[in-house]
Amino acid sequence: LVGAGALLAIPMLFFGLTTYASITGHVNPQVKEWIAYENGSEADGGGTSDDFSDTYARGSYAEMITLRAGELPRDMSPDTDDAYVLALFLLGLYAGRRRIFHDVSAHLPFIRRVQRWGLIIGVAGNAAFAIGGSFAPSPTSVAQNLGRLCLVVAAPALMLFYASSVILMTQRETWRRRLAPLAAVGRTALSNYLLQSLICTTIFYSYGLALFGKIRPSLGLLLTTIIFLIQIPLSVWWLRRFQFGPVEWLWRSLTYWQCQPMRVSPGRAQASDSGPAILCRRSGDQHGEVSGERRRGGGRPEADAATTESR
Numbered sequence: 003l004v005g006a007g008a009l010l011a012i013p014m015l016f017f018g019l020t021t022y023a024s025i026t027g028h029v030n031p032q033v034k035e036w037i038a039y040e041n042g043s044e045a046d047g048g049g050t051s052d053d054f055s056d057t058y059a060r061g062s063y064a065e066m067i068t069l070r071a072g073e074l075p076r077d078m079s080p081d082t083d084d085a086y087v088l089a090l091f092l093l094g095l096y097a098g099r100r101r102i103f104h105d106v107s108a109h110l111p112f113i114r115r116v117q118r119w120g121l122i123i124g125v126a127g128n129a130a131f132a133i134g135g136s137f138a139p140s141p142t143s144v145a146q147n148l149g150r151l152c153l154v155v156a157a158p159a160l161m162l163f164y165a166s167s168v169i170l171m172t173q174r175e176t177w178r179r180r181l182a183p184l185a186a187v188g189r190t191a192l193s194n195y196l197l198q199s200l201i202c203t204t205i206f207y208s209y210g211l212a213l214f215g216k217i218r219p220s221l222g223l224l225l226t227t228i229i230f231l232i233q234i235p236l237s238v239w240w241l242r243r244f245q246f247g248p249v250e251w252l253w254r255s256l257t258y259w260q261c262q263p264m265r266v267s268p269g270r271a272q273a274s275d276s277g278p279a280i281l282c283r284r285s286g287d288q289h290g291e292v293s294g295e296r297r298r299g300g301g302r303p304e305a306d307a308a309t310t311e312s313r
């Protein structure tokens, strides 16, 4: 947790310095170029927003690749985003080591505090970011840099609010049944991510419907919701027949350098007809289910092997 805080301090320090420079007006050319580089603006030598819009809406696939290749030096170079992402990984590691998801009932007071403060900090910080970016979009403006400083803390805070809310909802049987299909989406996360990319590039890019830059944010939100609502039953249907998502299966096979079994056995397929289990069960329910399975001798060999391997 200390490491995550230290890493989050890096982007906070950067945007704190840019905010100070914006307030005082003492921005020398080198600092201005650094700010523009970190913000991904035109000053870093990459393409402008108009270049991207024109290429994606009307350009060929080769032109898109060429444009993106020009962005690689900036994308591959170390920046504040690297520290930010690593900090989020450490937050997940902290939750795992505290076994919060394994024994939810013992951590309910902590989870409720995370939910409450995550909502307060997340909404306030994201509002500051949205207002700052709307009124002063310049990378050297006080409002935008102050908003980005707030977002460093607000974005993970709002994420923690969402996660804690889902965990608390799964403590009720009614919501547990409603949210159960989302477990299938999580088990096929990489496949769903790539499927979303395939669908959206077909909709927006020139080799598809060429709607890039023509969709209003409200319509974009509706489109996002429709795509995800399609992926939920698709993921459930897939996992009733296969053990992994297609890309997850490929990744696992390459990891072990051996073709992994893909089909679900008839017994497991019949058991999964009730839908995938949500992971965040009450600790008493988990213990009873595991103990009962061991008494019946019904543990799956592949699950036992995976558990042994992880140990």
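Reading the sequence shown from the start, the letters are residues 3 to 313 in our numbering. In this text, a Cβ means the ideal position worked out from N, Cα and C, and glycines have one as well.
{"query": "Identify which residue in 104, 232, 200 and 247 has its Cα closest to the Cα of residue 188.", "result": "247"}
{"query": "Might you give, ordered along the chain, the residues of its own chain that have their beta carbon closer than 8 Å to the beta carbon of residue 155, omitting 5 neighbours on each side?", "result": "10, 14, 123 and 127"}
{"query": "Ends of the alpha helix (DSSP H) at residue 152?", "result": "144-171"}
{"query": "Assuming the contact rule is C-beta atoms closer than 8 Å, residue 208 and residue 61 should be a hit. Round their C-beta distance to whole Å, please.", "result": "6 Å"}
{"query": "Assign residue 195 to one of two classes, buried (16 or more other C-beta atoms within 10 Å of its C-beta) or exposed (fewer than that).", "result": "exposed"}
{"query": "Measure the C-alpha to C-alpha separation of residue 5 and residue 100 and round it to an integer number of angstroms.", "result": "15 Å"}
{"query": "With DSSP run on the structure shown, which of helix, strand or coil describes residue 265?", "result": "strand"}
{"query": "Under DSSP, the alpha helix (DSSP H) around residue 199 begins and ends at which residues?", "result": "191-206"}
{"query": "What are the start and end residues of the alpha helix (DSSP H) that includes residue 211?", "result": "It is not in any alpha helix (DSSP H) - residue 211 carries neither H nor E in the DSSP assignment."}
{"query": "So, with DSSP's three-state summary, where would you put residue 244?", "result": "strand"}
{"query": "Using only the alpha-carbon positions, how far apart do residue 85 and residue 79 sit?", "result": "12 Å"}
{"query": "For residue 217, does the three-state DSSP call read helix, strand or coil?", "result": "coil"}
{"query": "Determine the extent of the alpha helix (DSSP H) in which residue 177 is found, giving its start and end residues.", "result": "175-181"}
{"query": "Return helix, strand or coil for residue 118, following the three-state DSSP convention.", "result": "helix"}
{"query": "Buried or exposed: where does residue 20 fall if 16 or more other Cβ atoms within 10 Å of its Cβ makes it buried?", "result": "buried"}
{"query": "Short of 8 Å in beta carbon distance, which residues of its chain neighbour residue 97, apart from the five on each side in sequence? Order them along the chain.", "result": "103"}
{"query": "Touch check for the segment 150-168 and the segment 114-121: three-plus C-beta pairs under 8 Å?", "result": "yes"}
{"query": "Roughly how many angstroms separate the alpha carbons of residue 158 and residue 106, rounded to a whole number?", "result": "21 Å"}
{"query": "Whole angstroms are fine: how far does the CA of residue 190 sit from the CA of residue 183?", "result": "12 Å"}
{"query": "What first and last residue would you give for the alpha helix (DSSP H) that runs through residue 83?", "result": "82-99"}
{"query": "Mind checking whether residue 229 and residue 201 have CB atoms under 9 Å apart?", "result": "yes"}
{"query": "Mind checking whether residue 186 and residue 237 have CB atoms under 9 Å apart?", "result": "yes"}
{"query": "Name the two residues that bound the continuous alpha helix (DSSP H) containing residue 3.", "result": "Per DSSP, residue 3 belongs to no alpha helix (DSSP H) and is neither H nor E."}
{"query": "Cutting at 6 Å between CB atoms, please list the residues of its own chain near residue 3, excluding the five before and the five after it.", "result": "96"}
{"query": "Just the C-alpha distance for residue 289 and residue 225, rounded to the nearest angstrom, thanks.", "result": "Reliability fails at residue 289, whose pLDDT of 45 lies under 50, so the model's placement of it is uncertain and the value that follows must be treated cautiously. If you take the alpha carbons of residue 289 and residue 225, they lie about 41 Å apart."}
{"query": "State buried or exposed for residue 206, treating a residue as buried only when at least 16 other CB atoms are found within 10 Å of its CB.", "result": "buried"}
{"query": "Who are the near neighbours of residue 149 in its chain, counting only those whose CB is closer than 7 Å to its CB and skipping five residues on each side?", "result": "130, 131, 133, 134 and 135"}
{"query": "Distance check for residue 7 and residue 82, CA to CA, integer angstroms please.", "result": "14 Å"}
{"query": "Count the other CB atoms, across all protein chains shown, that sit within 10 Å of the CB of residue 223; report buried if there are 16 or more and exposed otherwise.", "result": "exposed"}
{"query": "Note down the Cα distance separating residue 261 from residue 91, rounded to an integer number of angstroms.", "result": "29 Å"}
{"query": "Use the C-beta contact count for residue 232: other C-beta atoms within 10 angstroms, 16 or more gives buried, fewer gives exposed.", "result": "exposed"}
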